[in-house]
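First comes the structure, then the notes that go with it.
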Amino acid sequence: MANLEVMRQSALKANINQESSHTYVDEGISIVEIPNLSLRQLVVWPGTRAAVTRRLVERYGSTHGALWWSVGSRDQAVLRLDPLRFWLVGANNFEISAGEGATLDLSHSRSRVRLTGDNARFTLNRQIPLDLRDAAFPSGKVASTVMHGIGVTVWRNEAAFDLFLPRSFARSLHELLR
Amino acid sequence: MTSSRLSAGGLIDRQTPLTFSWNGIRSKGFKGDTLASALLANGHSIIGRSFKYHRPRGVMSAGVEEAGALVTIGEGSRTDPNVAATSQELFDGLVARGQNAWPSVRWDAGSILGLFGRFFSAGFYYKTFMGLPPFESGKGTRIWMLYEHLIRSSAGMGKIERLPDADRYEQAHLHCDVVVVGGGIAGINAALAADAAGLEVVLVEQDFRLGGDLLSQGKTIAASATSLLAELEARRVRIMTRTTAFGLYENCVLGLLEKLSPGSSEKVRQRLWTLKAERVILATGAIERSIAFENNDRPGVMNASAGRTYANRFGVLPGKSLVVATTNSTAYQTAFDLAAVGAEVRILDSRQGGDPAFLEQARSLNIEVHTSSAPFNVLGKNGVTGLDVGAREDGSWVKKASFSCDGILVSGGWSPVIHLQSHLGPRPAWCDNDQCFLPLTDAPGMIVAGSAAGYWSSEECAASGLAAGEQVAFELGKRVRGKALPTRTPMSTSPDALYLVKGEKTGKKSFVDFLNDVAVADVRLAHQEGFISVEHLKRYTTLGMGSDQGKMGNVIGLATMADLLGKGIPDVGVTRFRPPYTSITLGALAGEIVDGHFKPLRRTPMHDWNLSKGSVMADAGLWHRPWYYPNAGETIQSAYIREATTIRRTVGICDVSSLGKIAVQGPDSATFLDRVYVNSVEKLKVGKTRYCVMLRDDGIVLDDGTAWRESDTDFFVTTTTTNAARVLTFFEELLQVRWPDLRVHVTSVTDQWGGFSVAGPRSRETLQCCLADPEHISNEALPFMGFVETRLKSGVPCRIARISFSGELAYECYVPADYGGHLAEVLSKEVTARDGCCYGLEALGTLRIEKGHVTGAELDGRTTLEDAGLGGMASKKKPFIGSSLKERPELKRADRPKLVGIFPVDDGATFNAGSILCREGSVSGFGEGWITAATYSPALGHWIGLGYISGGYTSWEGHDAVAADPIRNAATKVKIVSPHMFDPSGERMNG
Chain S
-3 MANLEVMRQS ALKANINQES SHTYVDEGIS IVEIPNLSLR QLVVWPGTRA AVTRRLVERY
57 GSTHGALWWS VGSRDQAVLR LDPLRFWLVG ANNFEISAGE GATLDLSHSR SRVRLTGDNA
117 RFTLNRQIPL DLRDAAFPSG KVASTVMHGI GVTVWRNEAA FDLFLPRSFA RSLHELLR
Chain E
6 MTSSRLSAGG LIDRQTPLTF SWNGIRSKGF KGDTLASALL ANGHSIIGRS FKYHRPRGVM
66 SAGVEEAGAL VTIGEGSRTD PNVAATSQEL FDGLVARGQN AWPSVRWDAG SILGLFGRFF
126 SAGFYYKTFM GLPPFESGKG TRIWMLYEHL IRSSAGMGKI ERLPDADRYE QAHLHCDVVV
186 VGGGIAGINA ALAADAAGLE VVLVEQDFRL GGDLLSQGKT IAASATSLLA ELEARRVRIM
246 TRTTAFGLYE NCVLGLLEKL SPGSSEKVRQ RLWTLKAERV ILATGAIERS IAFENNDRPG
306 VMNASAGRTY ANRFGVLPGK SLVVATTNST AYQTAFDLAA VGAEVRILDS RQGGDPAFLE
366 QARSLNIEVH TSSAPFNVLG KNGVTGLDVG AREDGSWVKK ASFSCDGILV SGGWSPVIHL
426 QSHLGPRPAW CDNDQCFLPL TDAPGMIVAG SAAGYWSSEE CAASGLAAGE QVAFELGKRV
486 RGKALPTRTP MSTSPDALYL VKGEKTGKKS FVDFLNDVAV ADVRLAHQEG FISVEHLKRY
546 TTLGMGSDQG KMGNVIGLAT MADLLGKGIP DVGVTRFRPP YTSITLGALA GEIVDGHFKP
606 LRRTPMHDWN LSKGSVMADA GLWHRPWYYP NAGETIQSAY IREATTIRRT VGICDVSSLG
666 KIAVQGPDSA TFLDRVYVNS VEKLKVGKTR YCVMLRDDGI VLDDGTAWRE SDTDFFVTTT
726 TTNAARVLTF FEELLQVRWP DLRVHVTSVT DQWGGFSVAG PRSRETLQCC LADPEHISNE
786 ALPFMGFVET RLKSGVPCRI ARISFSGELA YECYVPADYG GHLAEVLSKE VTARDGCCYG
846 LEALGTLRIE KGHVTGAELD GRTTLEDAGL GGMASKKKPF IGSSLKERPE LKRADRPKLV
906 GIFPVDDGAT FNAGSILCRE GSVSGFGEGW ITAATYSPAL GHWIGLGYIS GGYTSWEGHD
966 AVAADPIRNA ATKVKIVSPH MFDPSGERMN G
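Chains as they are written, first to last, in my numbering: chain S, -3 to 174; chain E, 6 to 996.
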C-alpha cells in the first residue's frame, strides 16, 4: 500500500510549482504552506459542553477553553471556534460518544498557510479587516473572518499567523496574499 | 501673469533638478515642487479650461481646493485625468497636458461657447427636456435626443483612456489608538501629545511634506517647523504623507487614499486604506475663500495665501505687479512677504478703516493700501493686465479707478475644513465675527483642533493640538491631565462680510464655484425660478457638487442666496459635505479585485487534471466546471454528442466535486432530516442512500439531492452545486432558531471530498478495477441506492454510492480532496481501456434531459412537487417543511404548468431553451408554458426538450404546440410528451 501522506496533493501545488519551493518570500514576508494538514472538528451539545471542554483542554495542560482561543502548540492544538465547536489541529485522537458530541475529519477541507516576518500583519491586513496588533490579537488567538468574501480562519501562534483557507478557494486566495 | 522662479529661497531642493513635460514641451523644476509651482516657475499662465464655458484658467490655489489648474498626467494606459496640478508632486519624467480643450488650453476652439453663455445658465439641460420652444414646448424629449449628444460630447473635464489601467493598486486595513488628520502645527502637536501618553498614533497628511501652513510662513517659521518635525520623527508615530483622509464614518472609521511611488511604474501606485481608530483628531486646517467679482476667474487671479505659499515654499513669484484684495487682515502678511521678494504690491482692503496695526506696517514697507476698496472687474482675457477697482456707494459697488497689474491675490476670508466632521452628520454653526462655519459639536470619538476649529494663530493651533492629544489620551485611560481645549480667540478684527462685489449688471461673469462654472447669475436665476432651498440651489446649479464639495464656492453661494432672500447666511442653511473629500481613482476602489480576481475562483481537486485533458471550463457560480472535452477539430456540439453517446455505449467519468456536501451529525439527525425532506429519512438504513427533495416554507421546491446514512447518528447529504450554501444556511437557521432542542450539527464538507460520477453499462467493472476489493461494489453487495466505504488499490479511502443521474448504471465515488488527482488518474486509465471518455456539463445535461431528471432550470423557485412530477415522493405520514402551504388551492390547480418532454414534429427541427409554448395559431403573451432545457438526443436521434406546460402532457395528447422564440423570430411545431423520454422503465440503471 502506498504512503498516503506522500500521495496527498496540495491545493496550492500550481502556485508553489511556479516558485519551485513551498515558500514565498518577499520584503519581510514569508508565506509557507504547512502540508498534510490534520484537522478534526469536534462538536458538543449544550449539556455536555462544560465537561467535554474541561477534558479536552486538560490534555494540553490548560484549565480553560475560552472562545476564539487555542491551547497547545502550533503542531498540536485545540482551537475553539464557537461555543459548541472545536478544531483539533495536528495528530489528535480524542474519543467522544455520540451522547457527548461528534467528530468529523476536515483534514482535506482546508489549506493551512503560515505567514511570518515583519510584513506578515500588513500582508494579512491587505485582505482581512481584523485588528492584528499584538495587544488585540496575541499568540493563541483565533478568529473567523472573511477574505475576498470567503470565510477563513486565522490563528496566531507566537509570531506567525496561520490561515486556514477553504481548499477550493485556496489557490485564488493564496494568489491575493502574494 | 508673469510668474517666475526666484533666484533663492523656498523649501525646494535646488540641488535636485527634475525634468517634466507640459503639453509636449520639456520643462524643468526641482525636487519639492508641485506641478503647479513648476508650471508657474516656467511662466505658464493658462493651465486649464473651465468645465462649461471653456474659459481659460490658471493656478488659483496651492492645495486640493484647486479648480483651475486641472490637468491630465501620464500617457496611454497610465493616463490620469482631472489631477489638480497644485497637489501633484513633481517627479522626474512627469508627463502632463491640458485637458477639456482643442487644440490646446492656450487656444481652445471650445471657448466659442462662452459667447453663448447666457443659453447655458443654471438648469439649461433640464430645460432641454421640455422640447424646443415654441415648436415642442411641453411636448417632451425629441430635441433632447440631439441635445444629449452635444452636451455629452462637450461636457466633462479630462477624458479617460479606454485602455485597461496598467497601474497597480492595493487596499488594506489599519488599526491604531488615535488617528490625527492633518500634518500642520495642530496635528503634529496632537500626535506628539498622544504618543507621549503611550498611544499608538497615525498621522495622516495629504501633502508630500508635513508642516501645513508652517511651510508657507517663510524662513523663521520653517526653521521652527524643522525642529518640530525632528521631534516627531524621533517618536513612534506612524506618519503617512501623500495620504488623504477622504471620508469619516461611524465608529471612528476613516477612508484613506495613499499615493505611493510617484513616477514608478513598477510598484503599487495607490493604496486605499480602511483605518479603524479608537479616537480621531481632525486638524484639517482652513481654506481661503475668494470673492465674486467680474472676471474673477482670469488666469493670474489666485488666493492670497497661495501667492504666499508659492513665494515662501516654492520660491516662485506669482507676478511682478500684484494687487492683494482682501476682506480681512490675514492677506497683509502675503503682501509683505511678496514685497520682500521684489514684487510691486498694492493692497485693496474692503473694510472701511482697514486694520490699523497692519496699515502701519504696510506704510513702513511703502505698500500702497486702499481701504473701502474691492476688486470690481479683471482686465485681460488670457491673463491679468489690470484691475478695475470698486468703491462702495449706497450699498452697491461702482468702479472708481483702474490699476495695471499682472496678478491679483484675493482673500475673502477663511473656511475651516469641516468636511470630515460633516460626513458624520453634525451641522456646523455660523460664526458672525469670523464669517465662517465652525464645527458645533464633536461627534463621538472625534475632536477638532487647529484652524479647523477656529483657532487662527500658530500658537493657538499648537495649544489646541496638544490639548486634543492629551484629551484623547485621558479618554483612553492614560495617566494624563486631560485638559480641555483652550478657549478659542475670535479674530481680533472681524473680516468684512463681502462675498459679492455687486454693481451694475454688465453681462460679465462673476464666478461663485469655479470648478462647476457656477456664476452669481446662476444663483440669481435659481432664486427667480424658486430654487431657494440650499439643497435645491445645489442641485439646480451644481454649486458645490462633484469633487469641489463646497471647498471654494459654498459660502459665497450661500451668501449670494442670503442676499437675494434678504436673510443672514445661517438662516439660509448649509448643505452637507459628502465623501470623498477629494477624488479617488476607480483603480484604488477596485484594488486588487480585478481581472482574474474580480471574484474568487473555486477549483475542484481535479481542476488541473481536467485542464490537462483538454476540458473547456464553464462558470458554475464561483466554480469552474468541465463543460466539454473536445477532441481535435471538434465543436461543442460534436463533443457533447460524442461524450453522451459513449456513456450510453460503454463508460464515462464526470467531475462532480462541486456538488454541495453537508455532514449532518448527532443523535437527532434523522429526526431533523425527516422534518426537512418531503420523503422519509428516519427509517433509511445504514449503508443506504435516498433521493430527497426539500421545500421552502411556502411549499415551493427548494432543492434536491441525496442523503447517505453513514451510521445511526451521521448522514452525508448532497445538494445541487448552486444551492449548497443556501441549503446549509437554511439548516443552520432551522437548528438555531426553530429547533434548538435537536442535538444536531451541520458542517459543509464540500471541500473535504472530491468525486467523480462513473456512468455507463461498463461503469461497475471500471470502478471495480480501481478498488482494493472489487466485491465491495458487486451487484449484490451494492444494490441501487446503496453506498459503501472502501479503498482504492492504493489504499486511499473512498466512499461510493450507486446513484444515477444519467439513467445508466452509475456510481458516485468520492475520496478525500487531496487524493482527487489520484482518483482521476486511476479512473481515467480504466475508462480509456474500455473506450470510454470524460464528459462535461453539456453531455451531463443531454443525458438528464433524455431521462427527464430536473435541475435548477426546472426547480426555479416557482415549482411545486406536483409540477415537477415528484408529488409521489411526499410522505403522507409526517409533516415536513412546506407540507401545509403546499396544499394551497392555487398550488393544486389542475391547469398548473407541469413538467413535460418536448419533441419537434419534424425530426430535423430544433428549438431553443427559453422559448414559450403556445397553442397553434395563438402565439401571444406568456403562452401555455415554457422550455427549460433543449438538446440533441443521441439516444433518440433528434432534438428534445424539457419544459412546463399547463395541465401536463396528458392534457396535450393529440394536440401539437408551438415553441415560439419571439426574440429570434423562430417558431417550431412540437409534440408534448412524457418527460421520461428515454428508457422510461429505468432498466438501464440495473446494468
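From the three backbone atoms N, C-alpha and C, an ideal C-beta is built for every residue, glycine too.
{"Item": "Could you tell me which of Ile52(E), Arg493(E), Tyr958(E) and Gly573(E) sits nearest to Ala457(E), measuring between CA atoms?", "Value": "Arg493(E)"}
{"Item": "Which residues, in order along the region 225 to 240 of chain E, keep a beta-carbon less than 7 Å from a beta-carbon of chain S?", "Value": "none"}
{"Item": "Which same chain residues end up closer than 6 Å to Val186(E) when comparing Cβ atoms and leaving out the 5 residues on each side of it in sequence?", "Value": "Val209, Ala250, Leu287 and Thr289"}
{"Item": "Would you say His18(S) reaches chain E, if we count a Cβ-Cβ gap shorter than 7 Å as a contact?", "Value": "Residue confidence is low: His18(S) scores 44 on pLDDT, short of 50, so the model does not pin down where it sits. Its coordinate-derived value is still stated next. Taking Cβ atoms only, chain E never reaches closer than 7 Å to His18(S), which makes this a no."}
{"Item": "Run down chain E in chain order and give the residues with a C-beta less than 7 Å from the C-beta of Leu173(S).", "Value": "In chain order: nothing, as chain E lies at least about 10 Å away."}
{"Item": "Would you give the residue range spanned by the beta strand (DSSP E) that Phe245(E) belongs to?", "Value": "Sequence check: residue 245(E) is Met here, not Phe. Arg243 to Met245 is the span of the beta strand (DSSP E), which, as asked, contains Met245(E)."}
{"Item": "Tell me, please, whether the region 231 to 249 of chain E touches the region 41 to 59 of chain E by the rule of three or more beta-carbon pairs shorter than 8 Å.", "Value": "no"}
{"Item": "Assess, as a yes-or-no matter, whether the region 440 to 460 of chain E is touched by the region 422 to 432 of chain E under the definition of 3 or more beta carbon pairs within less than 8 Å.", "Value": "yes"}
{"Item": "Report all residues from its chain with a CB closer than 6 Å to the CB of Leu828(E); omit the five preceding and five following residues, and keep chain order.", "Value": "Val820"}
{"Item": "Whole angstroms are fine: how far does the CA of Asp518(E) sit from the CA of Ala524(E)?", "Value": "7 Å"}
{"Item": "According to a CB-to-CB cut-off of less than 9 Å, which residues of the region 601 to 630 of chain E neighbour chain S?", "Value": "Gly601, His602, Lys604, Pro605, Leu606, Arg607, Arg608, Thr609, Pro610, His612, Asp613, Leu627 and Trp628"}
{"Item": "Tell me the rounded alpha-carbon separation between Lys881(E) and Asn728(E).", "Value": "26 Å"}
{"Item": "Please work out which residues of its chain come closer than 8 Å, Cβ to Cβ, to Ser17(S), disregarding the five sequence neighbours upstream and downstream, and give them in chain order.", "Value": "Reliability fails at Ser17(S), whose pLDDT of 43 lies under 50, so the model's placement of it is uncertain and the value that follows must be treated cautiously. Contacts found: none."}
{"Item": "Label His541(E) either buried or exposed according to how many other C-beta atoms from any shown protein chain fall within 10 Å of its C-beta, with 16 as the threshold for buried.", "Value": "exposed"}
{"Item": "Please identify the residue among Ser82(E), Arg83(E) and Gln93(E) whose C-alpha is closest to the C-alpha of Leu75(E).", "Value": "Gln93(E)"}
{"Item": "Using 8 Å as the cut-off, can you tell me whether the region 306 to 326 of chain E makes contact with the region 57 to 77 of chain E, which would need three or more C-beta pairs spanning the two stretches below that distance?", "Value": "yes"}
{"Item": "For the alpha helix (DSSP H) containing His602(E), name the first residue and the last one.", "Value": "His602(E) -> no alpha helix (DSSP H), and no H or E assigned at all."}
{"Item": "Smallest Cα separation from Ile423(E): which of Gly459(E), Asp411(E), Leu700(E) and Gly991(E)?", "Value": "Gly459(E)"}
{"Item": "Would the region 489 to 506 of chain E count as touching the region 207 to 224 of chain E if we require 3 or more Cβ pairs under 8 Å?", "Value": "no"}
{"Item": "Taking the C-alpha atoms as reference points, what is the distance between Ser799(E) and Ile808(E)?", "Value": "24 Å"}
{"Item": "In three-state terms, what does DSSP make of Lys978(E)?", "Value": "strand"}
{"Item": "For Asn194(E), count neighbouring Cβ atoms within 10 angstroms of its own Cβ and tell me buried if that reaches 16, exposed if not.", "Value": "buried"}
{"Item": "State buried or exposed for Ala838(E), treating a residue as buried only when at least 16 other CB atoms are found within 10 Å of its CB.", "Value": "exposed"}
{"Item": "Using 8 Å as the cut-off, can you tell me whether the region 858 to 875 of chain E makes contact with the region 833 to 848 of chain E, which would need three or more C-beta pairs spanning the two stretches below that distance?", "Value": "no"}
{"Item": "Kindly indicate which three-state DSSP category Ala10(S) falls into: helix, strand or coil?", "Value": "helix"}
{"Item": "Ile30(S) touches chain E at which residues, Cβ-Cβ below 7 Å?", "Value": "Here the premise fails: no neighbours, minimum Cβ distance about 13 Å."}
{"Item": "Quick test of the definition: if touching needs 3 or more C-beta pairs under 8 Å, does the region 54 to 63 of chain E touch the region 147 to 156 of chain E?", "Value": "no"}
{"Item": "Can you round the beta-carbon distance between Ile981(E) and Ile907(E) to whole angstroms, since I take them to be within the 8 Å contact cut?", "Value": "6 Å"}
{"Item": "Using a Cβ cut-off of 7 Å (strictly closer), state whether Gln757(E) contacts chain S.", "Value": "yes"}
{"Item": "Contact between the region 31 to 42 of chain S and the region 72 to 81 of chain S is defined here as three or more beta-carbon pairs at a separation below 8 Å; is this criterion met?", "Value": "yes"}
{"Item": "Do Leu569(E) and His532(E) have their C-beta atoms closer together than 7 Å?", "Value": "yes"}
{"Item": "Whose Cβ in chain E lies nearer than 9 Å to the Cβ of Gly95(S)?", "Value": "Pro672 and Arg748"}
{"Item": "Who are the near neighbours of Ala171(E) in its chain, counting only those whose CB is closer than 8 Å to its CB and skipping five residues on each side?", "Value": "Gly81, Ser82, Arg83 and Ser270"}
{"Item": "What residue does the beta strand (DSSP E) around Thr99(S) start on, and which one ends it?", "Value": "Gly97 to Asp101"}
{"Item": "Just checking my contact of Gly956(E) with Ala899(E) at CB under 8 Å: how many whole Å lie between their CB atoms?", "Value": "7 Å"}
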